[in-house]
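Asker: In our numbering, the protein residues as written are 306 to 769.
(1) If you run the structure through DSSP and keep just helix, strand and coil, what is residue 588?
(2) At a cut-off of 7 Å, is residue 581 close to the ligand HEM when judged by its beta-carbon and the heavy atoms of the ligand?
(3) Chain C beta carbons: is any one of them nearer than 8 Å to that of residue 630?
(4) To the nearest angstrom, report how far apart residue 382 and residue 583 are at their CA atoms.
(5) How many Å lie between residue 516 and residue 596 at the Cα?
(6) Taking contact to mean 3 or more Cβ pairs, one atom from each stretch, closer than 8 Å, check whether the region 367-382 and the region 392-403 are in contact.
(7) Going by alpha carbons, who is nearest to residue 345 out of 360, 415, 313?
(8) From the DSSP output, which residues share a beta bridge with residue 315?
(9) Residues bridged to residue 628 by DSSP?
(10) For residue 632 versus residue 718, is the C-beta spacing smaller than 8 Å?
(11) Give the range of the alpha helix (DSSP H) segment to which residue 336 is assigned.
(12) Can you name, in chain order, every residue of its own chain whose Cβ lies under 6 Å from the Cβ of residue 575, other than the five neighbours on each side?
(13) Would you report the Cα separation of residue 466 and residue 674, rounded to the nearest angstrom?
(14) Pick helix, strand or coil for residue 321, following the three-state DSSP scheme.
(15) How big is the Cα-Cα spacing for residue 319 and residue 354?
(16) Hey, could you find the ends of the alpha helix (DSSP H) residue 478 is sitting in?
(17) Looking at residue 636 and residue 696, is the spacing between their C-beta atoms short of 8 Å?
(18) Can you name the residues that DSSP bridges to residue 535?
(19) With a cut-off of 8 Å on the beta carbons, I'd call residue 393 and residue 435 a contact; round off their distance for me.
(20) Tell me whether residue 606 is buried or exposed, calling it buried when 16 or more other Cβ atoms sit within 10 Å of its Cβ.
(21) Counting pairs of Cβ atoms below 8 Å between the region 323-342 and the region 452-464, do you hit three or more?
(22) For the alpha helix (DSSP H) containing residue 650, list its first residue and its last residue.
(23) To which residues of the same chain is residue 709 closer than 7 Å at the C-beta, ignoring the five residues directly before and after it?
(24) Can you give the beta carbon distance from residue 535 to residue 493, rounded, assuming they're within the 8 Å contact cut?
(25) Tell me which same chain residues have a C-beta within less than 8 Å of the C-beta of residue 648, skipping the five on either side of it?
(26) When you compare each of 540, 523, 573 to residue 555 by their alpha carbons, which one comes out closest?
(27) Do the CB positions of residue 315 and residue 370 come within less than 8 Å of each other?
(28) On the criterion of 16 or more Cβ atoms from any shown chain inside 10 Å, does residue 358 qualify as buried, or is it exposed?
(29) Identify whether residue 420 lies in helix, strand or coil by the three-state DSSP scheme.
(30) Skipping 5 residues on each side, what residues in its chain have a beta carbon closer than 6 Å to that of residue 687?
(31) Which term fits residue 594, buried or exposed, when burial requires 16 or more other beta carbons within 10 angstroms of its beta carbon?
(32) Could you have a look at residue 389 and say whether DSSP puts it in helix, strand or coil?
(33) Per DSSP, what kind of secondary structure is residue 512 in: helix, strand or coil?
(34) Just reading off the beta strand (DSSP E) that residue 439 is part of, what are its end residues?
(35) From the DSSP output, in three-state form, read off residue 398 for me.
(36) Report the three-state DSSP secondary structure of residue 492 (helix, strand or coil).
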């Protein structure tokens, strides 16, 4: 192998060993791979999250460059992968959200750090044979110039079974055994929530054309046998003319699949929901976040509790499954605020609920606020930055233990609301199913047994 041939080989790495994070194919790396392939660069994707051995694939492929994506919870894994690449003499590039917001930290493990979007930056690194520094490139104005992600380089069979591997993932609308894929058809977000990095440094909103979206859907159906798709952008409903055109094209082309997507409560109306339902939409996921109007203002959600309530109602009237996510432990949040969230969850017909503890990710306004309040510790374990943990306590009105008890109580109430009555009724009719239920209970990643115990302890304490 000549030096020139090696310099034209790129390995893109999706790091991590905990497969709870492997809920969808690594589309970010897929877009970079597609852009490089468009310009005649040889690329592979090494997906450690999907069980691939990074060292073995590197040794077989012998790349000149390695590009590694770094999200905050997996930053330690990304740095480990980067160190492994550098030890092999590979020019190592770190990118992704975490590296973009903390480039100096990332630079301790990489030759090059990319701040912002990676397609053009990675192409320039390879073409110009760059070897060091922190670089960035302007945001792509037209994202249609980037081909659809290179799924032929991914372990699609692994990801298309996400519903069966992780039953409690966000794919509630997907029947078991259905081949499923994720699609990202826009970038950026028109909102500026304090806990989210997607408006970081003015990232503009850009959308793939409806025809491009339909072409990608057709490929998934024809090439991979996909029958369910989830649109993973922050809001698939934010551009109504585009949504309408996509729905019309799905019906005109008679495309046979079901789909779900994220939406903002202030972006939907009965007409758009009807169009979506007729075009195969079965689930909408909302970030309701809180049942307290005060907390919604703290988070700069630009939405109210009443708008949240209306969104649930009109979705149910349209025959759509509603998945809602909520956060507790928000800045300045009190027990009264959390109890309002509990009331909202229990009083509205939300089909499935996810309870998260606010995680102040670097690059967000909440992170900056925590730093100004002296809440960021000197030593940080990025692997603690998960939705179900108290990575950093953001409210002085609550102790860490109180917040964890609220988390467990809400999770138990949600489980009881979603499954309790039907499970117990089913057991009365079919007592032989107790064994299989117990097995599922123990396997659940939400730790239901612990939550029951916590809930009972909570109840006793409140009575006294």
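For every residue, glycine included, the Cβ atom is placed at its ideal position computed from N, Cα and C.
Answerer: The structure says:
(1) The sequence position of residue 588 within the chain shown is 283, counting from 1. Strand, per DSSP.
(2) With respect to the ligand HEM, the structure offers nothing, as it holds no ligand at all.
(3) Judged by its chain identifiers, the structure shown contains no chain C, having just a single protein chain.
(4) Residue mapping note: residue 382 aligns to position 77 of the chain shown, counting from 1. Residue mapping note: residue 583 aligns to position 278 of the chain shown, counting from 1. About 43 Å.
(5) Residue 516 sits at position 211 when you count from the first residue of the chain shown. Residue 596 sits at position 291 when you count from the first residue of the chain shown. Approximately 39 Å between the Cα atoms of the pair.
(6) yes
(7) The count along the chain shown starts at 1 and reaches residue 345 at position 40. When each option's Cα is compared against that of residue 345, the closest is 313.
(8) In the chain shown, counting from the first residue as 1, residue 315 sits at position 10. Residue pairing for residue 315: DSSP places it in a beta bridge opposite 348, 370.
(9) Reading the chain shown from its first residue, position 323 is the one you call residue 628. The partner list for residue 628 (beta bridge, DSSP) reads 590, 657.
(10) Here residue 632 corresponds to residue number 327 of the chain shown, with the count starting at 1. Here residue 718 corresponds to residue number 413 of the chain shown, with the count starting at 1. Taking 8 Å as the Cβ cut-off, residue 632 and residue 718 do not qualify as a contacting pair.
(11) Translated into the one-based positions of the chain shown, residue 336 becomes position 31. Here the alpha helix (DSSP H) through residue 336 covers 332-343.
(12) Taking the chain shown and counting its residues from 1, one reaches residue 575 at position 270. Cβ neighbours of residue 575 beyond the five flanking positions: 619.
(13) For the purposes of this step, residue 466 is identified with residue 161 of the chain shown, where counting begins at 1. For the purposes of this step, residue 674 is identified with residue 369 of the chain shown, where counting begins at 1. Straight-line Cα distance between these residues: approximately 40 Å.
(14) The residue you call residue 321 lines up with position 16 of the chain shown. Here residue 321 sits in coil by DSSP.
(15) For the purposes of this step, residue 319 is taken as the residue at position 14 of the chain shown. For the purposes of this step, residue 354 is taken as the residue at position 49 of the chain shown. Their backbone Cα atoms lie some 6 Å apart in a straight line.
(16) On the chain shown, position 173 is the one that residue 478 refers to. It is not in any alpha helix (DSSP H) - residue 478 carries neither H nor E in the DSSP assignment.
(17) Stepping through the chain shown from its first residue, residue 696 is reached at position 391. Stepping through the chain shown from its first residue, residue 636 is reached at position 331. In this structure, residue 636 does not lie closer than 8 Å to residue 696 by Cβ.
(18) For the purposes of this step, residue 535 is taken as the residue at position 230 of the chain shown. Answer by DSSP bridge pairing, in chain order: 487, 565.
(19) Here residue 393 refers to the residue found at position 88 when the chain shown is read from its first residue. Here residue 435 refers to the residue found at position 130 when the chain shown is read from its first residue. The pair is not a contact, with the Cβ atoms about 18 Å apart (cut-off 8 Å).
(20) Stepping through the chain shown from its first residue, residue 606 is reached at position 301. Buried is the call here.
(21) yes
(22) Taking the first residue of the chain shown as position 1, residue 650 is located at position 345. Run containing residue 650: 640-652, per the alpha helix (DSSP H) assignment.
(23) By one-based count along the chain shown, residue 709 stands at place 404. Here the set comprises 695.
(24) If you number the chain shown from 1, residue 535 lands on position 230. If you number the chain shown from 1, residue 493 lands on position 188. Approximately 19 Å separates the beta-carbon atoms of residue 535 and residue 493; this is outside 8 Å, ruling out the contact.
(25) The residue you call residue 648 lines up with position 343 of the chain shown. Taken in chain order, the residues that qualify are 596.
(26) Along the chain shown, one-based indexing puts residue 555 at 250. When each option's Cα is compared against that of residue 555, the closest is 523.
(27) One-based indexing of the chain shown puts residue 315 at position 10. One-based indexing of the chain shown puts residue 370 at position 65. Yes, the Cβ-Cβ distance between residue 315 and residue 370 is below 8 Å.
(28) Residue 358 sits at position 53 when you count from the first residue of the chain shown. Per the 10 Å Cβ criterion, exposed.
(29) Here residue 420 refers to the residue found at position 115 of the chain shown. Residue 420 falls in the strand class under three-state DSSP.
(30) In the chain shown, counting from the first residue as 1, residue 687 sits at position 382. Around residue 687: 377, 380, 381.
(31) As a position in the chain shown, residue 594 is number 289, starting the count at 1. So residue 594 ends up on the buried side.
(32) The sequence position of residue 389 within the chain shown is 84, counting from 1. Three-state result, residue 389: helix.
(33) By 1-based counting over the chain shown, the position of residue 512 is 207. Residue state, collapsed to three classes: strand.
(34) Here residue 439 refers to the residue found at position 134 when the chain shown is read from its first residue. It spans 438-441 - the beta strand (DSSP E) in which residue 439 sits, taken as one unbroken run.
(35) Along the chain shown, read from residue 1 onward, the residue named residue 398 stands at position 93. Residue state, collapsed to three classes: strand.
(36) Stepping through the chain shown from its first residue, residue 492 is reached at position 187. In the structure shown, residue 492 adopts extended strand secondary structure according to DSSP, grouped into three states.
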